[in-house]
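Order-wise, the sequence lines are chains A and B.
Just so we're aligned, residue 208 is where the first sequence starts under this note's numbering, counting upward by one.
Just so we're aligned, residue 208 is where the second sequence starts under this note's numbering, counting upward by one.
Think of the CB as a built atom: it goes at the ideal place given N, C-alpha and C, for glycine as much as any other residue.
Please read the structure below before turning to the comments.
Protein chains: 2
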Amino acid sequence: MTYYSGHPRILIAVDCIIFGFDGTDLKILLVKRAFEPEKNKWSLMGGFLQPDEALDEAANRVLKQLTGLEGVYMEQIHTFGDPKRDPEERTVSVAYFALIDIQQYEQQLSEDYHAEWFLLSKKPRLIFDHDNMMALAQKQLRYKAAIHPILFELLPQKFTIPQLQSLYQGVYNTVFDNRNFTRKLLSTGLLIKQKEKDKGSSKKGAFYYKLDKRKYKANFQAFLNFVPKPDKFL
Amino acid sequence: MTYYSGHPRILIAVDCIIFGFDGTDLKILLVKRAFEPEKNKWSLMGGFLQPDEALDEAANRVLKQLTGLEGVYMEQIHTFGDPKRDPEERTVSVAYFALIDIQQYEQQLSEDYHAEWFLLSKKPRLIFDHDNMMALAQKQLRYKAAIHPILFELLPQKFTIPQLQSLYQGVYNTVFDNRNFTRKLLSTGLLIKQKEKDKGSSKKGAFYYKLDKRKYKANFQAFLNFVPKPDKFL
DNA sequence: CCAAAAGTGTTCCCGATACACCCATGA
DNA sequence: TCATGGGTGTATCGGGAACACTTTTGG
């Protein structure tokens, strides 16, 4: 007999808010729920915590099921425990957000789960409290990206400065001055200019940059200030 | 039969990291665990999530049991789910931190739970992963207090600027320049000077201030900058 | 009158912002 | 040649940091 008898055991879920960047737009990955209740409605990708599985493991497992990707940047954001949040049975859900480079994402897998990328502005209504989770994830993403260089996690190995700016603008849903943005960015010393250009989006072409991973890891904790007028956060 | 059969139900706990300020030092409230396993060892105050109880409710219930206080500032910080974190039975724990004014705290209740305030530097080793929780709470407190005026939650209604400075210095374990600190503080417009002085800690005495609650609430989201050289955060 | 803490101003510098024109190229 | 997006420099301003002396009063 355990010392903890008399206390309820409860279902625990993990839900992932998956942000992706395709080189132009910031998007979110949603799935059509495959089982009851709320079958066939749009939802975050989630799953139940298994015995002997850590929370982070569960989140990574769920992410891998959906995208095939491993080693992706993930972070726990909040745990939702309203007793009525899932009408079927009480479930406490631990929400994670993940940042992925859409170009690395294996398209075919989305078929299996009816997964689809949505522009943030065109996201459908989600089941349960997933809209709240989503909103919180966005807030935290803004909060954190204003201070830490996490948005690099969304970029391919080679990227251009205009792409990066467009990513930041997507996250903050605003427009930055490109001169100031470039200057701040380069002043971090985190970027290594390449010789090739990306000719995809303009005639002149934009130079590719790579991330200096050594410095990136060393400076990850550093306090940056990419975002002008740090208005209202979290 | 539920749609969710086949998934494990798991114990869920809530643990509170309770920071307090006595006018001089920043402290943390710990209890001697009253039951097995690890009975009589120092631990965070915690409890199990009850049926039909939201997570925040559980955290407030636990806090009230220990301190008798309600309406205290509390915030969820992280959920810990290592399968082996509690050797007795798998338990996922949602950690909260709370900020309280020690002078408001009813001393007598501590008896019932063998609770004791500890200086952060003199904290004993805690059970399970509570030391980790504690460390994370401290990090988050620093992180957040650098940006938001949450440390006011730890103060009594009337407080002096030297007290406030000593609180900030306790949180960041460092020393600030008092001229710069005072100027920043007053420039927020959040403080209302009182006519009386606190003669407790000096011969000259320090003027009391009160918080302008209206402005406090309005500006809570504002971006401040109390902490010099925002070094390494979270 | 002395010790101990409270209170107060100025200077300097860096970093954020605002702002506009030239460049390279493919069509 | 022209339209499109890429790339760059300067001037101003505000806020943060460094820094030391005077004030008060109980003992």
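Considering only their Cβ atoms, is the gap separating residue j from residue i smaller than 8 Å?
i                : j                : result
LEU374 (chain A) : PHE228 (chain A) : yes
ALA352 (chain B) : PHE304 (chain B) : no
GLN257 (chain B) : ALA265 (chain B) : yes
LEU251 (chain B) : HIS355 (chain B) : no
CYS223 (chain A) : LEU270 (chain A) : yes
ASN247 (chain B) : LYS234 (chain B) : no
LEU371 (chain B) : LEU392 (chain B) : yes
LEU273 (chain B) : ALA322 (chain B) : yes
LEU306 (chain A) : PHE388 (chain A) : no
From the beta carbon of residue i, is the nearest beta carbon of chain B less than 8 Å away?
i                : result
HIS214 (chain A) : yes
GLY288 (chain A) : yes
LYS422 (chain A) : no
ILE217 (chain A) : yes
TYR210 (chain A) : yes
LEU256 (chain A) : yes
VAL269 (chain A) : no
GLN283 (chain A) : yes
VAL299 (chain A) : yes
Under 8 Å, Cβ to Cβ, is there at least one residue of chain A near residue i?
i                : result
PHE440 (chain B) : Any reading at PHE440 (chain B) must be qualified, since the residue scores a pLDDT of 38, below 50, and its modelled position is unreliable; the value itself is stated next. For PHE440 (chain B), the answer is yes, since a Cβ of chain A falls inside 8 Å of its Cβ.
TYR303 (chain B) : no
HIS337 (chain B) : no
ALA266 (chain B) : no
ALA261 (chain B) : yes
PHE242 (chain B) : yes
VAL378 (chain B) : no
ASN426 (chain B) : no
GLU295 (chain B) : yes
GLY396 (chain B) : no
Closest to residue i by CA distance: which of the options is it?
i                : options                                : result
SER409 (chain A) : A:PRO369, A:ASN339, A:THR274           : A:PRO369
ALA413 (chain B) : B:GLY230, B:LYS391, B:MET340, B:LYS291 : B:GLY230
ASN380 (chain B) : B:ASP222, B:GLY213, B:ARG349           : B:ARG349
GLY213 (chain B) : A:VAL299, A:LEU397, A:LYS291, A:GLY254 : A:GLY254
SER300 (chain B) : B:PRO215, B:LEU306, B:THR286           : B:THR286
GLY275 (chain A) : A:ASP293, A:LYS404, A:TYR320           : A:TYR320
ARG216 (chain A) : B:ARG268, B:PRO331, B:LYS329, B:ASP259 : B:ASP259
ILE219 (chain A) : B:GLN428, B:PRO290, B:THR367           : B:PRO290
ILE357 (chain B) : B:ASN247, B:GLU282, B:LYS330, B:PHE325 : B:GLU282
THR209 (chain B) : A:THR209, A:ILE284, A:LYS234, A:PRO294 : A:PRO294
GLN428 (chain B) : A:ARG386, A:LYS346, A:THR367           : A:LYS346
THR298 (chain A) : A:VAL221, A:ARG386, A:GLU245           : A:VAL221
LEU333 (chain B) : B:GLU245, B:ASP232, B:ILE225           : B:GLU245
ASN339 (chain B) : B:ILE284, B:VAL279, B:ASN426           : B:ILE284
LYS411 (chain A) : A:THR367, A:ALA302, A:LYS329, A:GLY288 : A:THR367
GLY288 (chain B) : A:ALA302, A:ARG390, A:SER394, A:TRP324 : A:ALA302
THR395 (chain B) : B:ASN426, B:ARG386, B:VAL382           : B:ASN426
How close, in whole Å, do the beta carbons of residue i and residue j come, if the pair is a contact with beta carbons under 8 Å?
i                : j                : result
LEU236 (chain A) : TRP249 (chain A) : With 8 Å as the limit, LEU236 (chain A) and TRP249 (chain A) do not qualify as a contact, their Cβ atoms being about 11 Å apart.
ARG292 (chain B) : PHE359 (chain B) : Not confirmed; about 33 Å, so no contact.
TYR211 (chain B) : GLU403 (chain A) : With 8 Å as the limit, TYR211 (chain B) and GLU403 (chain A) do not qualify as a contact, their Cβ atoms being about 51 Å apart.
TYR416 (chain B) : LYS406 (chain B) : Incorrect: roughly 15 Å between the Cβ atoms, too far for contact.
LEU326 (chain B) : ASP384 (chain B) : About 24 Å; that fails the 8 Å criterion.
Residue i: beta carbon under 7 Å from a heavy atom of the ligand GDP?
i                : result
MET340 (chain B) : As far as ligands go, the structure on display features none, and thus does not contain the ligand GDP.
Could you say if the stretch 374-387 of chain A and the stretch 413-430 of chain A meet the contact criterion of at least three C-beta pairs nearer than 8 Å?
At 8 Å Cβ cutoff, the stretches do not touch.
Any chance the stretch 350-365 of chain B sits against the stretch 295-310 of chain B, with 3 or more Cβ pairs inside 8 Å?
Yes, since at least three Cβ pairs between the stretch 350-365 of chain B and the stretch 295-310 of chain B fall closer than 8 Å, the two stretches touch.
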